[in-house]
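Contents: one structure, followed by commentary.
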Amino acid sequence: MMVSRGEIWLVNLNPIKKKNEMGKVRPVLVYQNDELNHSDYPTTIVIPLSTHLVDDSEPIRYRINKIDKLKEDSDIVITQIRAIDNARFLEKLTTLTNKQMQRVKELFDEVVCSTTSVE
2 MMVSRGEIWL VNLNPIKKKN EMGKVRPVLV YQNDELNHSD YPTTIVIPLS
52 THLVDDSEPI RYRINKIDKL KEDSDIVITQ IRAIDNARFL EKLTTLTNKQ
102 MQRVKELFDE VVCSTTSVE
């Protein structure tokens, strides 16, 4: 099964679930680049989605509307990015547009990159 950057897949995040980690079977956004995705690399960097919607929560969440096999409006939870084993992928649900992926990248950069210098 080959995944591509920008696709949303249903995955099984169990049994790993610590106090502040997202688990269960849920959609995730494939965030890893396609050079690794289309190789034999055994893991993929993903960002989980949640149907527990939190309004006005950018940059830590990005709302997408239900489309194709994604049956509910969902938030991409930027702060929960992780690498998963490729065996966890179950079914492709949809693909984000280039504009949506650009916004996710902007929000990710805002969350992980400091705009101030470290001295």
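Heads up: the sequence shown runs through residues 2 to 120, numbered per this note's numbering.
Positions of the beta carbon are idealized from the N, C-alpha and C atoms, including for glycine.
This structure is a prediction, so every number in the text was calculated from the model and none was measured.
{"Item": "If we ignore side chains and look at the alpha-carbon of each, how far apart do LEU97 and PRO49 end up?", "Value": "14 Å"}
{"Item": "Under 9 Å, do ILE79 and ILE46 count as touching if we go by C-beta distance?", "Value": "no"}
{"Item": "Leaving out five residues on either side along the sequence, give the residues of the same chain with a beta carbon under 7 Å from the beta carbon of ARG62.", "Value": "VAL55, ASP76, ILE77, VAL78 and ILE79"}
{"Item": "Expressed to the nearest angstrom, what Euclidean distance is found between the alpha-carbon atoms of ALA84 and ASP57?", "Value": "27 Å"}
{"Item": "So for ARG104, helix, strand or coil by DSSP?", "Value": "helix"}
{"Item": "Would you report the Cα separation of PHE109 and ARG64, rounded to the nearest angstrom?", "Value": "14 Å"}
{"Item": "Quick one, are the C-beta atoms of ARG89 and ASN38 less than 9 Å apart?", "Value": "no"}
{"Item": "Can you tell which of LEU71, ASN34, LYS25 and VAL26 has the C-alpha that lies nearest to the C-alpha of PRO106?", "Value": "According to the sequence provided, residue 106 is Lys. The question's Pro does not apply to it. Nearest C-alpha to LYS106: ASN34."}
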